[in-house]
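Visitor: This is the structure I have questions about; it appears just below.
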Amino acid sequence: MTSLLTPPGTSSRISLWNARSPGIETDRHGLGVEAAARDVDEIVVGGGLTGLITALLLARAGRRVTVLDARSIGAVATGNSTAKLSVLQGAHLQQVAGRNTPGVTQAYVDANLAGQRWLLDFAAQHGVPVQRRAALSYAATSDGVATVEKEYETAVSAGLPATLLEDAGLPFVTHRAVRLADQAQFDPILVLAALASELRAAGGTIHEATTVLGVRAGQPVRVRTTRGEYRCERLVLATGTPILDRGLYFAKLSAERSYAASYRVPGGALPPDMYLSVDDPSRSIRTTPDAGPDAGSGELLLIGGNGHGVGRHPSPASLVDDLEQWTTTHWPGAERTHAWSAQDYATPHGVPFAGWLPRGRGRVFLATGYSKWGMTNAAQCAITLAGDLVGDLPDWAVRLRHRMTLPAAVATGIGMNAAVGKHYAVGWTKALTRRLPVEAPAEGTGVVGRVGLSPVAASTVDGATCRVSGVCPHLGAVLTWNDAEASWDCPAHGSRFSAAGRRLEGPATVGLARR
Numbered sequence: 021m022t023s024l025l026t027p028p029g030t031s032s033r034i035s036l037w038n039a040r041s042p043g044i045e046t047d048r049h050g051l052g053v054e055a056a057a058r059d060v061d062e063i064v065v066g067g068g069l070t071g072l073i074t075a076l077l078l079a080r081a082g083r084r085v086t087v088l089d090a091r092s093i094g095a096v097a098t099g100n101s102t103a104k105l106s107v108l109q110g111a112h113l114q115q116v117a118g119r120n121t122p123g124v125t126q127a128y129v130d131a132n133l134a135g136q137r138w139l140l141d142f143a144a145q146h147g148v149p150v151q152r153r154a155a156l157s158y159a160a161t162s163d164g165v166a167t168v169e170k171e172y173e174t175a176v177s178a179g180l181p182a183t184l185l186e187d188a189g190l191p192f193v194t195h196r197a198v199r200l201a202d203q204a205q206f207d208p209i210l211v212l213a214a215l216a217s218e219l220r221a222a223g224g225t226i227h228e229a230t231t232v233l234g235v236r237a238g239q240p241v242r243v244r245t246t247r248g249e250y251r252c253e254r255l256v257l258a259t260g261t262p263i264l265d266r267g268l269y270f271a272k273l274s275a276e277r278s279y280a281a282s283y284r285v286p287g288g289a290l291p292p293d294m295y296l297s298v299d300d301p302s303r304s305i306r307t308t309p310d311a312g313p314d315a316g317s318g319e320l321l322l323i324g325g326n327g328h329g330v331g332r333h334p335s336p337a338s339l340v341d342d343l344e345q346w347t348t349t350h351w352p353g354a355e356r357t358h359a360w361s362a363q364d365y366a367t368p369h370g371v372p373f374a375g376w377l378p379r380g381r382g383r384v385f386l387a388t389g390y391s392k393w394g395m396t397n398a399a400q401c402a403i404t405l406a407g408d409l410v411g412d413l414p415d416w417a418v419r420l421r422h423r424m425t426l427p428a429a430v431a432t433g434i435g436m437n438a439a440v441g442k443h444y445a446v447g448w449t450k451a452l453t454r455r456l457p458v459e460a461p462a463e464g465t466g467v468v469g470r471v472g473l474s475p476v477a478a479s480t481v482d483g484a485t486c487r488v489s490g491v492c493p494h495l496g497a498v499l500t501w502n503d504a505e506a507s508w509d510c511p512a513h514g515s516r517f518s519a520a521g522r523r524l525e526g527p528a529t530v531g532l533a534r535r
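Position in the sequence shown (first residue = 1) + 20 = our numbering.
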């Protein structure tokens, strides 16, 4: 199947970072060390930035640690991000300020500064290339000017040396921008590779292709996986969204999908900094060194945006196409090299959850809800989790943990769950009022219909037609077809599955049954 997320001349949808990965060494199953790796002090589930930093901090403290990942290191959020290490985060600071007390807003900024500082220090110590850039939040329309000005005021009140500009200096009209100097960008896979290397050198173990199926939070904690049982004193869930329903975090998060692509631009006239629009449609802009065989000392342009609720847009492919057209309009002749997508989770109050999981008996911990700012927030949440597990919790983490829930955050949460309820009702009504067509869907398309009393999802990809359950195994929402990625997506809580039913990500722990 040729998808809009498939670069010309290739057949895979893979991020630039993963495509040029140097290879990350992990531990094979079945080796003599495996028995010891199955009975440890802490198990960390999730091989992204949060998981590996947490595991490394624990290993540095002398703990025996094993990391489990259902896929491979960097396969999900971290390896598909735009990897901006910035404390200026679009219009996010004013959202945090509007839903929390001033003290919590300051603690959020302090936490992100700490996360940024930790990653910059780590990169310097391990020779990971980092490009220092200014970050700009700009208004693409006059309607966004007030948002830019509010972000500037919020940043300055939190002690950030932001400046207000009349223009962002981009090759199209902008209406004011707020700028924060001396931020950073990097290749996230290179960071993960360095983290994995130090973790293993410190005695930690990394097992990929190991899906967690269930947890018993006793003494020890027993973790049931597709590779057998693991045991630990304490368990950390660093899985984007928690894969355990204790605490009902799926109801406290909204899942969003967004898209990105890298381009070679003739003439090399590229923007010098990192940019993000504050109005819709969202546009993220940065560059990265070109590591291609004919690159020389040039750079690639990275464009991202067009986010939407997972499973809630009728044609994600149209959003990818729109992003492509926008890029080639403003950078004529731009040639796409890679295209990919990412999934992020947001909390009602704009601040990540990090700490112990309710009903986990003080033995299960989690981090989630980075609102698309996973570089600084992953690091600060890892520092928080390590502080919980070995002591020395930072002051900003204590302040974030004791935040009050303000009416604005409550209203946001109510709106999130009202939208979920709507998609349950609409999905089931549509599925039960139309029969699944007898004929196979056209190439690259999918449809949900009734077979007997059950919704069944049928799709055709690369000439093969598959029929799977049309109901998400997490909590029973009817799935929708993602025509950009050939996947079945859940509009309720963000679980995703391949056309053949294999689980890709989200709170579901199993795939779709064949029908």
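We treat Cβ as the ideally placed atom computed from N, Cα and C, and that holds for glycine.
Since the model is a prediction, treat every value here as computed from it, not as a measurement.
1. Spell out the partners DSSP gives Ile-17 in its beta bridges.
2. In the region 241-296, which residue ranges form an unbroken beta strand (DSSP E) of at least 3 residues, counting only runs that do not cross its ends?
3. Could you check whether Leu-273 and Ala-366 sit closer than 9 Å to each other, using their CB atoms as the reference points?
4. Among the candidates Cys-252, Ala-178, Phe-385 and Leu-139, whose CA atom is the shortest distance from the CA of Asp-3?
5. I want to know whether the region 362-377 touches the region 409-426 - three or more CB-CB distances under 8 Å.
6. Nearest by alpha-carbon distance to Ser-106: which of Asp-300, Gln-203 and Pro-262 is it?
7. Can you tell me which of Leu-88, Asp-300 and Leu-322 puts its alpha carbon nearest to the alpha carbon of Thr-246?
8. Looking only at DSSP bridge pairs, what is Gln-363 linked to?
9. Please tell me whether Leu-343 and Ser-157 are closer than 9 Å, where the distance is taken between their beta carbons.
10. How many whole angstroms separate the CB atoms of His-443 and Pro-511, which I take to be in contact at a CB cut-off of 8 Å?
11. Using a Cβ-Cβ cut-off of 7 Å (strictly less than) and excluding sequence neighbours within five positions of Leu-78, which residues of its own chain qualify?
12. Quickly, what does DSSP pair His-358 with across the bridge? List them, please.
13. Per DSSP, what are the beta-bridge partners of Asp-59 in this structure?
14. If you count every other CB in all the chains shown that lies within 10 Å of the CB of Leu-69, and 16 or more means buried, which is it?
15. What separation, rounded to the nearest whole angstrom, lies between the Cα atoms of Leu-456 and Gly-526?
16. Considering Cα atoms alone, identify which of His-494, Phe-517 and Gly-248 is closest to Arg-487.
17. Using CA coordinates, which residue listed in Gly-99, Lys-104, Val-481 and Ser-361 is at the minimum distance from Arg-152?
18. Just checking my contact of Ser-278 with Gly-325 at CB under 8 Å: how many whole Å lie between their CB atoms?
19. What span of residues does the beta strand (DSSP E) with Trp-138 cover, start to end?
20. On the DSSP letters alone, give me the boundaries of the alpha helix (DSSP H) that Thr-396 sits inside.
21. What span of residues does the beta strand (DSSP E) with Asp-509 cover, start to end?
22. Run the proximity test for Ala-97: is its beta-carbon closer than 8 Å to any non-hydrogen atom belonging to the ligand ADP?
23. Would you identify the three-state DSSP class for Pro-42, choosing helix, strand or coil?
24. Buried or exposed: Ser-162, going by 16 or more other Cβ atoms within 10 Å of its Cβ?
25. Whose C-alpha, out of Pro-149, Pro-475, Tyr-283 and Ala-359, is nearest the C-alpha of Ala-214?
26. Which residue's Cα is closest to the Cα of Ala-90: Gly-135, Gly-66 and Leu-113?
27. If we count the other Cβ atoms within 10 Å of its Cβ and call it buried at 16 or more, is Gln-109 buried or exposed?
28. For the region 288-308 and the region 251-266, state whether three or more C-beta atom pairs, one from each stretch, are separated by less than 8 Å.
29. Apart from the five residues on each side of it in sequence, which residues of its chain come closer than 6 Å, Cβ to Cβ, to Val-129?
30. Here's a check: name, in chain order, each residue in its chain whose Cβ is nearer than 6 Å to the Cβ of Asp-310, leaving out the five neighbours to either side.
31. I think Glu-228 touches Thr-348, with their Cβ atoms under 8 Å apart; what is that distance to the nearest whole Å?
32. By Cβ distance below 7 Å, which residues in the same chain neighbour Val-621 in space, the five residues on each side in sequence not counted?
33. Leaving out five residues on either side along the sequence, give the residues of the same chain with a beta carbon under 6 Å from the beta carbon of Gly-234.
34. Return the bridge partner residues of Tyr-158 from the DSSP annotation.
Guide: Quick look at the numbers:
1. What is shown of the chain runs 21 to 535, which leaves residue 17 out entirely.
2. 241-245, 248-257 and 274-284
3. yes
4. As displayed, the chain neither begins before 21 nor continues past 535, which places residue 3 out of reach and without an answer.
5. yes
6. Gln-203
7. Leu-88
8. Arg-277
9. no
10. 4 Å
11. Glu-62, Val-85, Ala-406, Leu-409 and Val-410
12. Ser-282
13. Arg-251
14. buried
15. 26 Å
16. Phe-517
17. Lys-104
18. 6 Å
19. Premise fails: Trp-138 lies in the alpha helix (DSSP H), 122-146, not in any beta strand (DSSP E).
20. 394-410
21. 507-509
22. For the ligand ADP, the structure offers nothing, since it holds no ligand at all.
23. coil
24. exposed
25. Pro-149
26. Gly-66
27. buried
28. no
29. Ala-178
30. Gly-318, Glu-319 and Leu-320
31. Actually they do not touch by this definition, with Cβ atoms about 37 Å apart.
32. Absent from the structure is residue 621, since the part of the chain shown begins at 21 and ends at 535.
33. Arg-244
34. Ala-197 and Ser-297
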